Amino acid sequence: MSSELAKRMREIREAETSGRHEFSQLIGVAKKTVESIEQSGRPPKGEMLEAICMQWPKYSLWLMTGQVNEAAGQVSPEIERTRDRLKPTGTDTGSRGE
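Using the UniProt record's numbering, the first residue of the sequence shown is number 1, and each one after it goes up by one.
Shown next as structure tokens:
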């Protein structure tokens, strides 16, 4: 369980920030703390989990349980990456010469 929380925390960091420094600033913890959790696999403390959920509420359910509920706006970083890849480019006209 503990290593799963640390892995999901890292996935959020990788999806939403440029690195540990930015992530740690956004959630208000030391960069060394983030690094230690990711490397050791120990679970983040409640205050840190709360800060992550407050910063990125769309990942709250997934972070805590590993589950998603897209209808309620609760997604995973993987779902967000897929959505970004599938967004229209602006060159799509929706018409095929009809």
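Glycine included, every Cβ here is placed at the ideal spot set by N, Cα and C.
None of the values given here were measured: they were computed from a predicted structure.
The C-beta distance from Ile79 to Ile52 rounds to 17 Å, too long to fall under 8 Å, and the pair is not in contact. Counting C-beta atoms within 10 angstroms of its own C-beta, Leu86 has fewer than 16 neighbours from the protein chains shown and is therefore classed as exposed.
For Gln39, the uninterrupted alpha helix (DSSP H) segment begins and ends at Lys31 to Ser40. The secondary-structure analysis by DSSP pairs Gln74 across a beta bridge with Asn69. Val34 and Lys45 have their C-alpha atoms roughly 11 Å apart. Close CB contacts of Asn69 within its chain, under the 8 Å cut and outside five residues either way in sequence, are with Leu61 (chain order). The DSSP-derived three-state label of Gly28 is coil. For the 8 Å CB-CB criterion, Gly41 and Ser76 do not form a contact. Measuring C-alpha to C-alpha distances from Glu38 to each of Arg10, Ala71, Thr89 and Pro88 identifies Arg10 as the nearest.
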